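There are 10 protein chains.
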Amino acid sequence: MEFLVRTENRLPADTPGQTRDQLRKAERERAMELRADGVLKRLWRVPGRNATIGLYEAEDPAALHDALTSLPMWPWMDVTVEPLATHPQER
Amino acid sequence: MEFLVRTENRLPADTPGQTRDQLRKAERERAMELRADGVLKRLWRVPGRNATIGLYEAEDPAALHDALTSLPMWPWMDVTVEPLATHPQER
Amino acid sequence: MEFLVRTENRLPADTPGQTRDQLRKAERERAMELRADGVLKRLWRVPGRNATIGLYEAEDPAALHDALTSLPMWPWMDVTVEPLATHPQER
Amino acid sequence: MEFLVRTENRLPADTPGQTRDQLRKAERERAMELRADGVLKRLWRVPGRNATIGLYEAEDPAALHDALTSLPMWPWMDVTVEPLATHPQER
Amino acid sequence: MEFLVRTENRLPADTPGQTRDQLRKAERERAMELRADGVLKRLWRVPGRNATIGLYEAEDPAALHDALTSLPMWPWMDVTVEPLATHPQER
Amino acid sequence: MEFLVRTENRLPADTPGQTRDQLRKAERERAMELRADGVLKRLWRVPGRNATIGLYEAEDPAALHDALTSLPMWPWMDVTVEPLATHPQER
Amino acid sequence: MEFLVRTENRLPADTPGQTRDQLRKAERERAMELRADGVLKRLWRVPGRNATIGLYEAEDPAALHDALTSLPMWPWMDVTVEPLATHPQER
Amino acid sequence: MEFLVRTENRLPADTPGQTRDQLRKAERERAMELRADGVLKRLWRVPGRNATIGLYEAEDPAALHDALTSLPMWPWMDVTVEPLATHPQER
Amino acid sequence: MEFLVRTENRLPADTPGQTRDQLRKAERERAMELRADGVLKRLWRVPGRNATIGLYEAEDPAALHDALTSLPMWPWMDVTVEPLATHPQER
Amino acid sequence: MEFLVRTENRLPADTPGQTRDQLRKAERERAMELRADGVLKRLWRVPGRNATIGLYEAEDPAALHDALTSLPMWPWMDVTVEPLATHPQER
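Those protein sequences? They're chains A, B, C, D, E, F, G, H, I and J, same order as listed. Residue 71 in full-length UniProt numbering sits at position 71 of the first sequence, and the numbers go up by one each step. Residue 71 in full-length UniProt numbering sits at position 71 of the second sequence, and the numbers go up by one each step. Residue 9 in full-length UniProt numbering sits at position 9 of the third sequence, and the numbers go up by one each step. Residue 23 in full-length UniProt numbering sits at position 23 of the fourth sequence, and the numbers go up by one each step. Residue 40 in full-length UniProt numbering sits at position 40 of the fifth sequence, and the numbers go up by one each step. Residue 47 in full-length UniProt numbering sits at position 47 of the sixth sequence, and the numbers go up by one each step. Residue 65 in full-length UniProt numbering sits at position 65 of the seventh sequence, and the numbers go up by one each step. Residue 1 in full-length UniProt numbering sits at position 1 of the eighth sequence, and the numbers go up by one each step. Residue 73 in full-length UniProt numbering sits at position 73 of the ninth sequence, and the numbers go up by one each step. Residue 51 in full-length UniProt numbering sits at position 51 of the tenth sequence, and the numbers go up by one each step.
Written out as structure tokens, the structure is:
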């Protein structure tokens, strides 16, 4: 099933550049694995913000939770999840 | 998977008593079928309101949508759905 | 550019069935045209609600506005639009 | 009587791992005691968040308050409680 | 147990005066019975509004729900209920 | 005149236990004085939260302000005040 | 004591002009009486809206309530009241 | 001085086409006069909605109020106004 | 033109008493100058909060901004401004 | 295409004056470049706040995002973006 996932990144503005870069690199690598696994299907930036909107697919909410918490930035992210129902037009 | 479902019933206050009674009776019958099918697992009233909180189980959000829209009161209900992830304490 | 579009359908609950059916049929036909034109890329139902979340693509917000207002149900729809920025992971 | 209880865990992201682990272990132990006592009846995770939704049973709101504040994580939790009324369908 | 109960009266402004008067009289009579039964302990007006804040006591949320829905104005009232826990200063 | 007063206690979770205990003790003492003076008439806990709902009586809003700011915890409290109008049923 | 009072006028847009004019005239007359009585001290329009912000003085919230409900437009007005405390700079 | 003005048009969906067309035509004519007078400086549509965002200039809020209420659609419009302060970069 | 100005003072609770006293004294002095200049016309406390509601008069929003930012507490204040339009009753 | 952009500057109140001045100077310089490039078309201050409302033009949301994040103050800014559709009156 598919989910719409919003993230707001709350990493403090005074985080050292090196820490920030390491987190970003690790985040990107983990995101790429989730793409390869078919869990992360699309990802957009919310313009002007350190925030994303993503389209995810997972077996159930618990599997989605495990995928999202596996992201290295997760401890600093405010995440909201909406379940999506297949529309009859696309069945 | 399980969902937390809130309903607010917006049936107008000036609905004739007979219409209201028929809807309530049909609503109860359909709810009982959903219970028998294991879709509706628990149901509470929000005290003071014509509103409920329910615990539902369905294969996916589309199946839940079909169950909820099968309720005769659905056209007058404002419904919100939250996905629930199994907690590790209960696995 | 892509947009995330939410619609809440406010068609009154006491709308005659025939009017409702005609509107639904015309809505579906116009939606199919927007799909064929590459404007409507994905559409989901918000479970439990007469509401949708859609992924649209249009040249600019004015073109998106024209597409959305061409839907027969538009006069009864509460629509909100969010612009989406391409994420570097997908460039 | 039953209550729907939401918790958002605000433990700072920079809490040392050891402190975090100790708190989690103690939290789990106390939660298990509340389950054994019939106070905590069901617990779910809100997918993507460090948050839970729980179904509790207690004699009255003061007893519920005592149970919730007995959780070691309570000082960092934002908790909201809703009273639930038995639905006639379940009487 | 005690509850804080807010009501907003949504009776339409164009309700005939006679209907309004009958409802008000019946409302007052029922409220007086609830006072006599110890269910309605205090009642205030929200200044400037057709709204009240009340302190109620009932055995549980279901009993409170029955008391509130027994008020003749209930079909037009938007009611919200908060559970109150006895404070240690008053034990 | 009477006021409904809500307080949310924002004392940081990492406040030393001794400081916290001293504040609580002083808070309780001052609250008892306000009770003796007829200013604090009732006090409840919001279940699950470090928060209260109180019924106060004071000559006017300025006198209420002075009473509330005399509480030792006041610098850490988020306070909201609602004026209450005597209901005709209680005149 | 003084109060800040906001009003939003919800008189339906399709109210006949004559009814509207009569209500406006009566409203103005009653407002002028409240000014003469020292109850209505200042009145502003919220630009662009059929809404006002007013500074009122009354003995207590019940007296303010009686003044506001004496306005002929009151049944159509959404009113919110905030108590104001004298600032030490003005004592 | 300049103001940012948002309008949401609440004209009912079942308004006859002729009435709607007359209102739109009169609205456009009056808007053009406000442009010619330098009151309406820019106007945008909120994509997907029957709503606008406008940049207005007027001597003061009362003059802006008069301009906005002179629009034929005003009785059906929900209008919000924000004052804008010249930024030092543009002085 | 007149403005309604709300301020919430966010000075941290752990600010040293001396710093706090100096800021308060300087704030009061600057406020008195603004009163003498006819900019600050009325000031109230929001009961129970470290917050004020004020009636200001300034030539335009930029002049008001300069007045508000000249207050020594401004860096810690959350300020919201509403423009007020003269009501015809007061013209 | 045009965008309405709001910024709230969350730079901590205890930021050293020199850091603040350097950031402001660099912010102004970058803003002037964005003006020269035709990206930043208008900028206003929200009176009373460390906040702005701006009218931007960019090829698409991703280009706007790059422009906004190029501002030196961006890490401390809370930014919200609304897409604007050309109004037929201005075509």
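We treat Cβ as the ideally placed atom computed from N, Cα and C, and that holds for glycine. Remember, it's a predicted structure, so these values are computed and weren't measured experimentally.
Next on the checklist: Taking contact to mean 3 or more Cβ pairs, one atom from each stretch, closer than 8 Å, check whether the stretch 42 to 56 of chain G and the stretch 68 to 80 of chain F are in contact.
Outcome noted: no
Checklist entry - Got a sec: is the Cβ-Cβ distance from B:Thr80 to anything in chain C below 8 Å? => result Working through the second sequence from its first residue, we reach residue 80 of chain B at position 80. Judged by the 8 Å Cβ criterion, B:Thr80 is in contact with chain C.
Checklist entry - Anyone know if the C-beta pair for J:Pro75 and C:Pro83 falls short of 8 Å? => result Reading the tenth sequence from its first residue, position 75 is the one you call residue 75 of chain J. Reading the third sequence from its first residue, position 83 is the one you call residue 83 of chain C. Result no, Cβ atoms of J:Pro75 and C:Pro83 do not sit closer than 8 Å.
Next on the checklist: For the structure I just gave you, are there three or more beta carbon pairs, one from the stretch 35 to 45 of chain I and one from the stretch 56 to 71 of chain I, closer than 8 Å?
Outcome noted: yes
Item to check | Reduced DSSP category for F:Ala63 - H, G, I as helix; E, B as strand; rest coil | outcome: Here the question's residue 63 of chain F lines up with position 63 in the sixth sequence. Assigned with DSSP and collapsed to three states, F:Ala63 falls in helix.
Item to check | Contiguous alpha helix (DSSP H) assignments of at least 4 residues, all confined to the UniProt domain "Muconolactone isomerase" (1 to 89) of chain B | outcome: 17 to 36 and 61 to 69
Checklist entry - Does the beta carbon of F:Glu90 sit closer than 8 Å to a beta carbon anywhere in chain E? => result By one-based count along the sixth sequence, residue 90 of chain F stands at place 90. Answer yes: the Cβ-Cβ gap between F:Glu90 and chain E drops below 8 Å somewhere.
Next on the checklist: For the UniProt domain "Muconolactone isomerase" (1 to 89) of chain D, list every residue whose C-beta sits within 7 Å of some C-beta in chain A, in sequence order.
Outcome noted: Ala13, Arg45, Pro47, Gly48 and Arg49
Item to check | Candidates F:Met73, F:Arg6, F:Tyr56 and F:Glu27, of which the one nearest F:Arg45 by Cα | outcome: Position 45 of the sixth sequence, counting from 1, holds the residue named residue 45 of chain F. With distances taken between Cα atoms, F:Arg45 lies closest to F:Arg6.
Checklist entry - Excluding the five sequence neighbours on either side, which residues of its own chain have a C-beta within less than 8 Å of the C-beta of G:Arg20, listed in chain order? => result Position 20 of the seventh sequence, counted from the first residue, corresponds to residue 20 of chain G. Hits under 8 Å: Leu11.
Checklist entry - Any C-beta of chain K sitting closer than 8 Å to the C-beta of I:Arg28? => result Among the chains of the structure shown, chain K does not appear; the protein chains present are A, B, C, D, E, F, G, H, I and J.
Checklist entry - To the nearest angstrom, how far is it from the Cα of B:His87 to the Cα of D:Met73? => result By 1-based counting over the second sequence, the position of residue 87 of chain B is 87. By 1-based counting over the fourth sequence, the position of residue 73 of chain D is 73. In this structure, the alpha-carbon of B:His87 lies about 16 Å from that of D:Met73.
Checklist entry - Taking Cβ positions, are B:Leu55 and B:Leu23 nearer each other than 8 Å? => result Counting from one through the second sequence, the residue named residue 55 of chain B turns up at place 55. Counting from one through the second sequence, the residue named residue 23 of chain B turns up at place 23. No, the Cβ-Cβ distance between B:Leu55 and B:Leu23 is not below 8 Å.
Checklist entry - How would you label H:Glu59, buried or exposed, when you count the other beta carbons within 10 angstroms and need 16 or more for buried? => result Translated into the one-based positions of the eighth sequence, residue 59 of chain H becomes position 59. By the neighbour-count rule (16 or more Cβ atoms within 10 Å), H:Glu59 is not buried but exposed.
Item to check | Nearest residue (CA-CA) to I:Gln89, options G:Gly17, G:Glu29, G:Leu71 and G:Pro16 | outcome: The sequence position of residue 89 of chain I within the ninth sequence is 89, counting from 1. Per the Cα distances, G:Glu29.
Item to check | Pairwise C-alpha distance: F:Arg42 and residue 126 of chain F | outcome: Residue 126 of chain F lies beyond the residue range present for chain F, which begins at 1 and ends at 91; the question has no answer from this structure.
Next on the checklist: Rounded to whole angstroms, what is the Cα-Cα separation between C:Glu57 and D:Glu8?
Outcome noted: What you label residue 57 of chain C is simply residue 57 of the third sequence in a count that begins at 1. What you label residue 8 of chain D is simply residue 8 of the fourth sequence in a count that begins at 1. In a straight line, the C-alpha of C:Glu57 is about 36 Å away from that of D:Glu8.
Checklist entry - Do C:Leu71 and C:Glu27 have their C-beta atoms closer together than 8 Å? => result Walking along the third sequence from the start, residue 71 of chain C turns up at place 71. Walking along the third sequence from the start, residue 27 of chain C turns up at place 27. Yes. Within cutoff.
Checklist entry - In whole angstroms, what is the alpha-carbon distance linking D:Ala13 and F:Asp14? => result Within the fourth sequence, the letter at position 13 stands for residue 13 of chain D. Within the sixth sequence, the letter at position 14 stands for residue 14 of chain F. So the two alpha carbons sit approximately 14 Å from each other.
Item to check | Pair within 8 Å by beta-carbon distance, B:Pro47 and D:Ala85 | outcome: Residue 47 of chain B sits at position 47 when you count from the first residue of the second sequence. Residue 85 of chain D sits at position 85 when you count from the first residue of the fourth sequence. A contact, by the Cβ cut-off of 8 Å.
Next on the checklist: I need the straight-line Cα distance from H:Ala31 to I:Ala31, nearest angstrom please.
Outcome noted: For this step, residue 31 of chain H is matched to residue 31 along the eighth sequence. For this step, residue 31 of chain I is matched to residue 31 along the ninth sequence. Approximately 42 Å between the Cα atoms of the pair.
Item to check | Whole-angstrom distance between J:Lys25 and J:Ala63, CA atom to CA atom | outcome: What you label residue 63 of chain J is simply residue 63 of the tenth sequence in a count that begins at 1. What you label residue 25 of chain J is simply residue 25 of the tenth sequence in a count that begins at 1. In a straight line, the C-alpha of J:Ala63 is about 23 Å away from that of J:Lys25.
Next on the checklist: Cutting at 8 Å between CB atoms, please list the residues of its own chain near E:Arg91, excluding the five before and the five after it.
Outcome noted: Residue numbering aside, residue 91 of chain E sits at position 91 when the fifth sequence is read from its first letter. Hits under 8 Å: none found.
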